[in-house]
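Residue numbers (the numbering used here): 119 to 372. Just so it is clear, CB atoms sit at the ideal spot from N, CA and C, and this is done for glycine as well.
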Amino acid sequence: MSFAKAAEELHVTPAAISQQVKALEEHLGVALFKRLPRGLLLTDAGRACLPKLGESFDGLASAVQDVRAMDSTGVLTVSVMPSLAAKRLLPALHRFQDKHPDIDLHIAASTRSVDFRYDDVDVAIRYGFGDWPGLQVELLSEEEIFPVCSPALLQGADPLKTPDDLRSHTLIHDLFWKTRFVGRFPDWDSWLAEEGVTGVDASRGLGLHPTEMVLDAAVAGRGVALGRSVLVKNDLDAGLLVRPFARTIRLEFA
């Protein structure tokens, strides 16, 4: 019984409420309120329609609550690069599922660009500069690259103690980055140059694709790989891989 209180609840002005009610009364051809000096009273027509309108508004409020509840449950589809899915997302799935048991998580491994207008994807995790116009972009992590290998290579007949010792070990090359981002992604040539190492043929070695195969080969002791900090974190923490040298290269991409 107050346009002012109604306006406060709806976050509009009292004048806007008054105009809407006046337009509604003109549309219906009846008066709904009696305007009094100290407030409002419902007319007979207003009292007659109030119960059913109340039921309708309650139903509308209930429907809105149902929609909001659906928005917090259901399926969350994440498109992510295969290497990140295998090395970081899958090992962490249990934490997400424990925290959000009502959400069914779907992970789609892909490297292609996502078109949110047509693809059934809620979130995409991609690698690059973050310059994707029209999208909300958040930086998850910057990256560094550095040599990694099995702890077993630090011992044996040709122990890996200094960068010069790489002459006696197989270099593992990531063919995906080597071919897709020619000249923009650090490779063994650039790392050896940064370290000042000569006499190591960086064109030789074991070439693998995809990236997760590169790291699996390093874990198996098949050679020394250049590991991206985000992807090798779990293997380093578990002691499956070690960093034989301290030299790192900060990556442009993230």
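About 17 Å separates the CB atoms of residue 324 and residue 346; that is not less than 8 Å, and the two are not in contact. Straight across, the Cα-Cα distance linking residue 151 with residue 126 is about 19 Å. Under the DSSP assignment, residue 287 falls outside any alpha helix (DSSP H); it carries neither an H nor an E label. Residue 234: not part of any beta strand (DSSP E); DSSP gives it neither H nor E. In this structure, residue 201 and residue 366 do not form a Cβ contact; the two beta carbons are roughly 19 Å apart against a cut-off of 8 Å. In this structure, residue 265 lies near residue 309, with their beta-carbon atoms less than 8 Å apart. Here residue 258 is not near residue 221, since their CB atoms are 8 Å or more apart. Contact between residue 263 and residue 207 is absent: CB atoms are separated by about 20 Å, not below the 8 Å threshold. With respect to the 8 Å criterion, residue 272 and residue 342 are not classified as neighbours on the basis of their beta carbons. Counting the other CB atoms within 10 Å of its CB gives residue 170 a total below 16, which places it among the exposed residues.
The Cβ-Cβ distance between residue 185 and residue 227 does not fall below 8 Å.
Residue 243 is a Cβ neighbour of residue 196, given a cutoff of 8 Å.
The stretch 297 to 354 is shown to contain whole alpha helix (DSSP H) runs of 4 or more residues at 306 to 313, 329 to 337, in chain order. For residue 241, the enclosing beta strand (DSSP E) has its first and last residue at 241 to 243. The bridge partners DSSP lists for residue 221 are 192. Nearest to residue 154 by alpha-carbon distance, out of 133, 183, 120, 132, is 120. Residue 359 and residue 337 do touch by the CB rule: their CB atoms are close to 6 Å apart, below 8 Å.
Following the DSSP letters along the chain, one finds residue 140 inside the alpha helix (DSSP H) bounded by residues 132 to 146. Under the three-state reduction of DSSP output, residue 227 falls in the strand class.
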